[in-house]
Structure formats: C-alpha cells, structure tokens
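Residue numbers (the numbering used here), protein chains in the order written: chain X, 1 to 283; chain S, 1001 to 1290. A virtual CB, placed ideally from N, CA and C, is assigned to each residue, including glycine. What you are looking at is a predicted structure, and each value in this text was computed from that prediction instead of being measured. For reference, the structure discussed in these notes is given below.
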Amino acid sequence: MFPTDIRTRSPFAQGSYRVALLVALALWLLPLAAVMMTSVRGMADINAGNYWGLPSQWMLVENYTEVFRRTRMAQYLWNSVMITVPAMAGAVALSALAGYALAKYSFRGNLVVFAIFIAGNFVPFQILMIPVRDLTISTGLYDTIAGLVLFHIAFQTGFCTLFMRNFMMAVPDEIIESARMEGAGELRIFLTVVLPLLRPALAALAVLVFTFIWNDYFWALILVQSDTARPVTAGLAALSGQWISSWQLISAGSIVAALPPVFLFFLMQRHFIAGLTMGATKG
Amino acid sequence: MKTGRQYSLLAPALFLLPAAVMFIIYVLYPIVQSMSLSFYSWDGISPDKTFIGLDNYRELMDDERFWTSLFNNARWLVLFMLAPVFGLALALFLNQTVFGIRVIKSLFFFPFVISQVVVGLVFTWFYDPSFGLLNDILGFFGIRGINVLGDENLATYGIIAAGLWPQIAYCMILYLTGLNNLDQEQLEAARMDGAQKLTMLTRIVLPQLRPATFIAVVVTVIGSLRSFDLIATMTGGGPYGSTNVLAHFMYQQSIFSYRAGYGAAIAVVLFAIMMIYIAFFLWRMLRTEK
C-alpha cells in the first residue's frame, strides 16, 4: 500500500488524519452545501442577504413543492427520463453487438473500424452541430424527444463500443468455439453464451451512459426549443434566467436536477467506477 | 483469434451494421459536411449557399474574437493540467483504509456526477459579488468588491476553477484505482531498502501509475477543449467576449449570428486541434493492441 498505512502510525497521527479528512471534505463540498442551504431558505433570508448563515425559517417542503408548482420542472424531469432511458438502452444494445464483432471475429479492417469508433467518441460536438441540426429538422424530428434519442444513441455508440469490445476480449475463445461445435448459430451464441457473462460490464456501461446523457446540455440546446421536449439541464438553465432573484427556487431546482444521477451513482457505485476507470490499470 | 475460420463473415458484418449505420449518419458524415460547409457563406436557414472558397478562414485570421477564443482554449488546456496533479495528490491523501473511507471517497467524487449546468450555477453563486461566499471570505481579509465573472481579466480563471472541480474528481478516481493495483512486493522491497517517501513515489509508484496518468491526461485534454456548458451557463462568453472559447464562439456565430458557414470554419479549426490529441491517443492505444 502506498502511502504507508496510517494504522501503523501513532494514535495522534491517526487522529489528525481523520480530522484532516473531514476538513478537506467540508471544503471540497462547500459550494454544494451552500446550494443545499439556500434551497431550504425563505424569501426573507434571501432579501436580508442571509445566504450563508443558518436559515431563519426552514422552507424545505415549501420550496421544493413551489418548484414543481410554479415551473415545469416535473415535465423537464419526465422528458429527461424519456430521453435518457431509451437512448441508454439503444446505445448499449448497438455497442454490445458491434463490440462483439470487433472482439471475437477476425476480418480485414477490424482495427480500423475500432479506431474510427474511438476517434468519433472524442470529436468536438461543434463539428457535428450544423449537419445534425439540419438532418433533425429535415426528418421532422426537431424539437422532439425522438430527435435527441437518436442522436445520443449514435454518438454514445462510439464510447460504448470501445468499452464493450475491451470487455469482450476477456471472454475465452474456447467457450464460443465449443458452442459452435454444438451447432449453435452466431446470434444464439452471442445472446445465450456471451451476453450473460458480461452482465457486470453491461451494468457499468449503462450507469455511465445514463449519467452522460442525463447531464447533456449542448444537444438539448441545439435540437430542442420548447418545454414539451426540453430535458432538465436545459430547463434549469432557462429557469435560472427567469428567476434571477429567487435563488431559493433555483437552488431547489438544481438539487432536483442533480439527484437522479447522484442516486444512481450511489446505488451502482462499484459498477460506475469500474466503468469509468477501465484501462487505468493496464495498457 | 482463430485462423481456421468456422464462421461466415456475414455474422460480424450484421453485428456491426446497426452501430455503423448510426455512427456514419450522425458522426462521420456530419464531419465531412461541416468541412465542406466551411467553404460556403450560409445563414443556416435559406436554401441557397454561396461558395466562397477560403474566405471564412481568411476572415477568421483577422477576427479578434477568434484569437481571444483560441487563447482562452490555450489557457483552459494549460490550467486543466492541474487536474491530474491535484487528482493524484487527493488520491494519495485518500488511499487509506480507515473507517468510513469508502463513503468519503464517493463524496469527493460527487462533483463529477453532477451536470455541468448545476456546477455552473453553484459557482456563479459562489462568486457573486453581493452575497457570494468567496466575497465573504475575501472580505474577512479586507478585500472587497471582487466580481470574478464580471471582470474581463478574472472571468476565464473563475470558470476554469469551476471546471477543475469535477475534473479533479475524475482524475482522483482514476488514480485511486491505479493505487489499488500497485505491485505490493516492489513496495515492500523498497521499504526494506529504506527508500524515502518521495523517492518511492517518483521511482516506483509513478511508473506503475503510468496507465492511469495516460488516461487522466487524455480525458483532461479532451475535456478542456470541449468546454462549453460552463461558459454558456456562467457568462455566455462575456464580459465583452473575454471568456469565449472556440466551442462557444462557434455556437454563437452559427445560431445567433446566422453564420453557419463561418461557424463551420471555427468548428473545423477546433476539430483539427483535437485531432492531434485523438491521433496520439489512438496511436498509443493501438500500439498495445498489436
């Protein structure tokens, strides 16, 4: 272990370390704590400039219900779900297929195709912006949830294929070979032999992609303009422009928007980190 | 992989097909279209485009806003390199097994999970000249009236600091994973030899962390050049265009100024810069494949 295990040190060193941990954590999360505090304040505090002290009245329930009552936050959240879940499922499905083809079949151009998927995943969004917007308008999908879903599926396929292909490489060839010997078809082998082995990888990829898509702001700005299709990121940005002085509502809205990926992260932490750090230990 | 093939090549082709079709339609072909569009004058709406050759690029060379944006991209790129450094420091700090450390690690990772729009709002608050916490803290030291996001010279640094917050968290998690997989025997051997902490770090730990460093640097470079959300939510490129970067400048020109051709040229420049890093990454990655 590096650095040296603190438990081998003096009790004083151990105690200091714990204190240092908590202080560092408090500083690190200070901006976030401030938002949480603001989201439970009353208007009186905001007007009096009491932003950082204890709230003079606790308005937790009031502020959060107010967000849903006075704005279309509920609609934005629902839109985000309707965008994120199908896009996530689509990207994972397409890339599982593609990753399998790239990991377990040898054919000419295999590495080139793989390289193109990786490179595409890193390009700046702006090089795609105008043509994708035009395409979405001309297919009648501008300002619809479907328009965003299709784009996200396509774009996330780059990262997902890189991810799936690397995990599929670890599946032993012998398993696939013996299934072939028994006369199973290629699709059947993929579905019944390979996929079940990859459940952890699929889970890791799904939570990662969920977070990426949920947090997208740029494409929501480019492909959507009305509340009927706007996801929560773009909705929040629009709201913050409208209620310049109602900080308690904007902060409550921010917390609501941030909650689903945070919740998912804590629920699936191990998978999430395993996905994110793929390649950090070898290569 | 097998040499004596027992399957037809139809199977992999069909497996690849859906992903390839989507990727071609939404990623590869648009890149080509944007490149070609950069040679046209077009408002982004009307059916007619006028071919103007390299005029968009010539105009860029004389456009002060372009150079400001490019310079800001450079500042982002350089300062973002603090993320792997701080991320490593944080990982070394947290790599212990005391009670509750798992929860503490996840809380440190928190900023990465939150949308950048929320991060932008949070920091806009933090910097607010009338009630922001930063000014309360500075006021304690007798410094008053600093408006970070309203000051042409400070605003970009303020946004970069906000961007570093989640980026450090990301690098930290990469390094924590790397530290988890260190070769224990080598560490013990070095300890037996009485190696100093710093020597161990530079001679034994860092070389073993090289894969983590490589990924941390790549994602940080790409992240810095992609910066858009924070600028859009915190300053909208202002004051006076001083916080613009190419990604946001391109968006403004294409959507608000109706200059899609000019915007495409900006996008091509950004794409060319990023291709340098992408090519390097691919080269490194594919080298290990062979």
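Considering residue i, what are the terminal residues of the alpha helix (DSSP H) in which it resides?
i       : result
X:G253  : W247 to L267
S:F1123 : Q1116 to Y1127
X:E66   : L60 to R70
X:Q75   : M73 to K104
X:A201  : R199 to W214
S:E1059 : D1055 to D1062
S:F1093 : L1082 to L1094
S:V1218 : R1210 to R1226
X:V19   : P11 to W28
X:D134  : Q126 to S138
X:R180  : D173 to M181
S:E1188 : Q1184 to M1192
Should residue i be labelled buried (16 or more other beta-carbon atoms within 10 Å of its own) or exposed?
i       : result
S:V1118 : buried
X:V35   : buried
X:K104  : buried
S:G1142 : exposed
S:K999  : There is simply no residue 999 of chain S to check, as chain S begins at 1001 and stops at 1290 in what is shown.
X:T38   : buried
S:S1292 : This structure does not reach residue 1292 of chain S, given that chain S is present from 1001 up to 1290, and the question cannot be answered.
X:V92   : buried
X:W58   : exposed
S:W1067 : exposed
S:P1012 : buried
X:F2    : buried
X:P31   : buried
Skipping 5 residues on each side, what residues in its chain have a beta carbon closer than 6 Å to that of residue i?
i       : result
X:Y17   : I6
X:L143  : Residue 143 of chain X is actually Asp in this sequence, not Leu. Excluding sequence neighbours, X:D143 sits near V224, Q225, S226 and A229.
X:F163  : L205
X:L161  : For the sequence presented, residue 161 of chain X should be read as Thr rather than Leu. Cβ neighbours of X:T161 beyond the five flanking positions: S95, A98, G99 and F117.
S:T1003 : Note that S:T1003 scores a pLDDT of 45, beneath 50, so its modelled location is shaky; the value from the coordinates is reported in the next line. None.
X:T136  : Y142, G147 and L223
S:A1083 : L1164, Q1167, I1168, C1171 and T1220
X:T65   : none
Measure the C-alpha to C-alpha separation of residue i and residue j and round it to an integer number of angstroms.
i       : j       : result
X:L187  : S:F1015 : 9 Å
X:V19   : S:P1239 : 41 Å
S:T1177 : S:P1211 : 11 Å
X:A119  : S:P1129 : 42 Å
S:F1280 : X:T277  : 20 Å
S:S1224 : S:V1245 : 10 Å
S:Q1096 : X:S178  : 45 Å
S:I1052 : X:L128  : 21 Å
S:I1291 : X:Q156  : The question about residue 1291 of chain S has no answer here: the residues shown for chain S are numbered 1001 through 1290.
X:F159  : X:G235  : 26 Å
S:N1147 : S:R1259 : 32 Å
X:L221  : X:T71   : 19 Å
S:V1021 : S:R1144 : 57 Å
S:L1010 : S:G1100 : 53 Å
X:F212  : X:G15   : 39 Å
Given residue i, which residues of its chain have a CB within under 7 Å of its CB, disregarding the five upstream and five downstream residues?
i       : result
X:P260  : W214
X:V232  : Y76, L77, S80 and A257
X:I250  : L239, S240 and W243
S:A1232 : H1248
**Message:** Contact between the stretch 1266-1281 of chain S and the stretch 1031-1040 of chain S is defined here as three or more beta-carbon pairs at a separation below 8 Å; is this criterion met?
**Reply:** In short, these stretches touch, since the Cβ pair count reaches three.
**Prompt:** Is there contact between the stretch 1247-1261 of chain S and the stretch 115-127 of chain X, where contact requires at least three CB pairs shorter than 8 Å?
**Reply:** Yes, the stretch 1247-1261 of chain S is in contact with the stretch 115-127 of chain X.
**Request:** Examine the Cβ distances between the stretch 165-178 of chain X and the stretch 1059-1067 of chain S and report whether three or more of them are shorter than 8 Å.
**Result:** These segments do not touch.
**At least 3 beta-carbon pairs within less than 8 Å: the stretch 1096-1116 of chain S vs the stretch 1186-1194 of chain S** = Not touching, per the Cβ criterion.
**Prompt:** Per the contact definition of three or more C-beta pairs closer than 8 Å, is the stretch 1066-1075 of chain S in contact with the stretch 1197-1208 of chain S?
**Reply:** No, the stretch 1197-1208 of chain S does not touch the stretch 1066-1075 of chain S.
**Request:** Spell out a yes or no on whether the stretch 1157-1166 of chain S and the stretch 1079-1092 of chain S are touching, meaning 3 or more CB-CB pairs, one atom from each, closer than 8 Å.
**Result:** Touching, per the Cβ criterion.
**Prompt:** Mind listing which residues of the stretch 1048-1061 of chain S have their C-beta closer than 8 Å to chain C's C-betas, in chain order?
**Reply:** Absent from the structure is chain C; the protein chains it does hold are X and S.
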